[in-house]
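As they're listed, the protein sequences go chains U and D.
For the first sequence, the numbering used here assigns the number 1 to the initial residue and increments by one for each residue that follows.
For the second sequence, the numbering used here assigns the number 1001 to the initial residue and increments by one for each residue that follows.
Quick reminder that beta carbons are idealized off the backbone N, C-alpha and C, glycines included.
Quick notes on the structure that follows.
Number of protein chains: 2
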Amino acid sequence: MERPIENYGDYLVKHHIRPSYARMKILQYLVTEKNHPTVDEIYHTLVKRLPTLSKTTVYNTLELFKDAKLVKQINIEENTARYDATVSDHGHFKCQGCGRIYDFTVDLDGMKAAGLEGFQIEEKNVYFKGVCPKCL
Amino acid sequence: MERPIENYGDYLVKHHIRPSYARMKILQYLVTEKNHPTVDEIYHTLVKRLPTLSKTTVYNTLELFKDAKLVKQINIEENTARYDATVSDHGHFKCQGCGRIYDFTVDLDGMKAAGLEGFQIEEKNVYFKGVCPKCL
DNA sequence: ATATTTGCAAATAATTTGCAGTCGA
DNA sequence: TCGACTGCAAATTATTTGCAAATAT
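Set out below in structure tokens:
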């Protein structure tokens, strides 16, 4: 079960990241929206209330969050990265009709994989593509 | 069980693709190398023996193959697509040490996914990241 | 002859980099 | 003050597009 993150600053500090304003806003956006945004979406949403924000900072911050394992990069699109702050195991479904990305529950640990004896697995990713009920 | 593709031309024709020389060479490369190449790798390898080849043709051809389900695009890298002609269900493992991409066997059908009732699933993808035995 | 395929060059899009200015302990 | 953080602009890289030339049926 997940807990809402009350204080983004503390959360960052716990992960050894200095809680600048931009970083807290970006983290808050990811955590509250849960919409698997692209860099562009993050930037354009936040720049409205934080006019000095630059895309470079969004890129820098996401890189930092990735290293600290606070967010995961999602490679479900052909040519742009999306980001996800949810830590629990789940897969992503991309609807080829509307483009929306849905979460679903998947048992990553229970997944039977053969041929990786002696490999050190650090990260497991699952994504599906198809058509969502709304588009059917 | 898979059968080796003896004749790339016939194979293309069966899939309603006109067997131009470039297309056959690209298909042959994918099928024989099984190395999950990028567009660049395909282009640079083939242009040595096929000097008139252009990257545009590689892109066009891969798009065509994708539509015909002859190849799958792999989004395991951050910013470049890789391609795979193997049709059987398998996952990909990327070693963060050497960058090599390994295949492994995974039971995609047996994968338990909850929360996708009413969704039409057309494609399932699994990829892991970590460190391979050689790099450990 | 006609449609398809190809290739060049330019355009677009995402991301990275260099560097200078700013901010905070 | 000093190092970390930010932001602009330029550079880089992957991919797409427009169109004309080549090719195949």
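Of the residues U:THR86, U:ILE42 and U:THR56, the one whose Cα lies closest to the Cα of U:LYS69 is U:THR86. D:LYS1124: member of the beta strand (DSSP E) spanning 1120-1131, first to last residue.
With its beta carbon at least 8 Å from every one in chain D, U:LEU64 lies outside the interface.
Annotated three-state conformation of D:ILE1017 is coil, per DSSP.
Distance check between D:GLY1118 and each of U:LYS129, U:LYS134, U:PRO37 and U:VAL58 places U:LYS134 closest, using alpha-carbon atoms only.
When D:GLU1063, D:ALA1113, D:LEU1027 and D:GLU1033 are compared, the shortest CA-CA separation from U:PHE93 is found for D:ALA1113. Its chain contains TYR1029, LEU1030, THR1045, ARG1082 and TYR1083 as the residues whose beta carbon lies nearer than 8 Å to that of D:PRO1037, once the 5 sequence neighbours on both sides are disregarded; these appear in chain order. Close CB contacts of U:GLY9 within its chain, under the 8 Å cut and outside five residues either way in sequence, are with PRO19 and MET24 (chain order). Here the alpha carbons of D:SER1054 and D:LEU1064 stand approximately 16 Å from one another. With respect to U:ASN75, D:ILE1121 sits apart: the two C-beta atoms are not nearer than 8 Å. Taking 8 Å as the cut-off, the Cβ atoms of U:CYS95 and U:VAL58 do not count as close.
Boundaries of the beta strand (DSSP E) around U:HIS92: 91-95. Between D:PHE1128 and U:LYS14, the CB-CB gap reaches or exceeds 8 Å. Close to U:GLU122, with beta-carbon spacing below 9 Å, are these residues of chain D in chain order: GLN1096, PHE1128, LYS1129, GLY1130 and VAL1131.
Considering only beta carbons, the part of the region 98-113 of chain U lying closer than 8 Å to chain D consists of TYR102, ASP103, PHE104, THR105, VAL106, ASP107, GLY110, MET111, LYS112 and ALA113, in chain order. Taking a beta-carbon distance threshold of 8 Å, D:LEU1070 does not count as an interface residue toward chain U.
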